[in-house]
Each structure stands twice: as structure tokens, then as C-alpha cells.
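**Q** Residue numbers (my numbering): 79 to 286. Structure in C-alpha cells, see below.
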């Protein structure tokens, strides 16, 4: 079954970012994480990995954990086991090639739809399914204040926070206010992360 909580000791939580990599927003998120010495987990879309391998290498080189978020971000509940395997295997190979690492051992289903078939395929491939417990819905661009408030309200020992550093869209430079615009996510992270640090929280990547 998917994991919804982190088990890494008291006052420890995990920050996770989906749908990247993306040249601008991923780099800005990495800069903030670097400033506070925080390690996070990035669940990457294979199609974006193929477009931006240098960003994948940067994420890996800075010590963050890489996860598999499928090649094309489909609803896995609509796919056969064979198609699911193709989505996961293709992405794992791309991430390993781009990041010069082993293939990811973590898997997150798009939309959180861990179908029975997807869990079976993940088990066959040795992938650990990871969900989340705090979702500020940053992808919907509800406003920086709303994202900060939702993360701070939900944060507690063992929380897995979901946010998004990218989008499956062919925009290297996102249109302001468009679906790939992650400005609110970037700004919110810069605001809530020091608050969590000051509150005594520690941060860990998801997985072993």
C-alpha cells in the first residue's frame, strides 16, 4: 500500500515536489532548500526529464532523492498493467541516464491514483509507492498566503508535504499565470520553510 506518513523520528517531516523538472522553478526551489540545508524528494515526469537532463543532474548532485512519477502523467486507473510498466520503466531509465544515478526506487502515482494494477507493477519493479498527507493544492495557484497557511496548518511529525516544481507542458519559460507558473510555490517555500525550521522541525527525504 502507498505510504502516507514519514517514519523518521519526532519533529521530522518530508518535502516532496512533483511534475518537474523545470528549468526556472526547480532551480529556485533548490536554492531555497540549499539555504536551509534541507533535503527533499522530487518525483519527476519522464517527458520532462528527457527535456531537461541538466536540471535532473543538479537535483541529484545536491543530494536530493529522485522519484518516478511516470512518463506522461496519466491516470493509472485507466491503463493496463503493460502500459503502466512501460510508463514506469521508461521514466526510471531516463532519470538514471540523466542523473547518472541508479533508477529511482520510489514511485508516486499521478493524481494519487494508486490503482491495483499500478501497485502490482510497482512491486514487480521494486518500486516503493509514496503518497502524501499535506496537500496545499499549490498547482491550482490559490495564492502564496494560502499555500503557506495550508502547509503550516498541516505540518506535524511524519507529514509528507506535496508541492509541484513543474508541469507537463512544453514551456521552458512559463507564461505568468499559466498552468506551468510555479511562482506561488517558490515564494511560499521561501516563507514557510524558515518558519518550520524555527519551530524545530527537521527534514528527511522519503524512503529508506
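Glycine included, C-beta positions come from ideal geometry on N, C-alpha and C.
Taking contact to mean 3 or more Cβ pairs, one atom from each stretch, closer than 8 Å, check whether the segment 131-143 and the segment 84-102 are in contact.
**A** Contact between the segment 131-143 and the segment 84-102 is present, because at least three Cβ pairs lie under 8 Å.
**Q** Can you check which of these residues, 139, 217, 148 and 213, is closest to residue 183 by C-alpha distance?
**A** 148
**Q** Taking only runs that begin and end inside the segment 102-159, name each unbroken beta strand (DSSP E) of 3 or more residues, in chain order.
**A** 119-122 and 143-146
**Q** Is it the case that the segment 234-249 contacts the segment 83-90, given that we only count it when at least three CB pairs across the two stretches are under 8 Å?
**A** yes
**Q** How long is the line joining the alpha carbons of residue 110 and residue 256, rounded to whole angstroms?
**A** When rounded, the distance between both Cα atoms is 23 Å.
**Q** Nearest to residue 151 by alpha carbon, out of 223, 282, 246 and 276?
**A** 246
**Q** Rounded to whole angstroms, how far is the Cβ of residue 197 from the Cβ of residue 207, which I believe are closer than 8 Å?
**A** 6 Å
**Q** Using alpha carbons as the reference points, say which of 163, 170 and 216 lies closest to residue 202.
**A** 163
**Q** Since residue 239 is in the beta strand (DSSP E), which residue starts that stretch and which ends it?
**A** First-last of the beta strand (DSSP E) with residue 239: 238-242.
**Q** With DSSP run on the structure shown, which of helix, strand or coil describes residue 92?
**A** Residue 92 falls in the strand class under three-state DSSP.
**Q** Please classify residue 212: does DSSP put it in a helix, a strand, or coil?
**A** Judged by DSSP in its simplified three-state form, residue 212 adopts strand.
**Q** I'd like the list of long-range same chain contacts for residue 119, defined as Cβ closer than 6 Å, with 5 residues on each side in sequence excluded.
**A** 94, 143, 145, 283 and 284
**Q** Going straight from the alpha carbon of residue 114 to that of residue 166, what length do you get?
**A** 32 Å
**Q** If residue 216 and residue 242 are in contact, beta carbons under 8 Å, what's the gap, nearest whole angstrom?
**A** 6 Å
**Q** Can you name the residues that DSSP bridges to residue 81?
**A** 208
**Q** For residue 265, which residues of its own chain have a beta-carbon under 7 Å away from its beta-carbon, when the five flanking residues on both sides are left out?
**A** 222
**Q** Under 8 Å between C-beta atoms, does residue 139 make it to chain B?
**A** Here there is only one protein chain, and chain B is not present.
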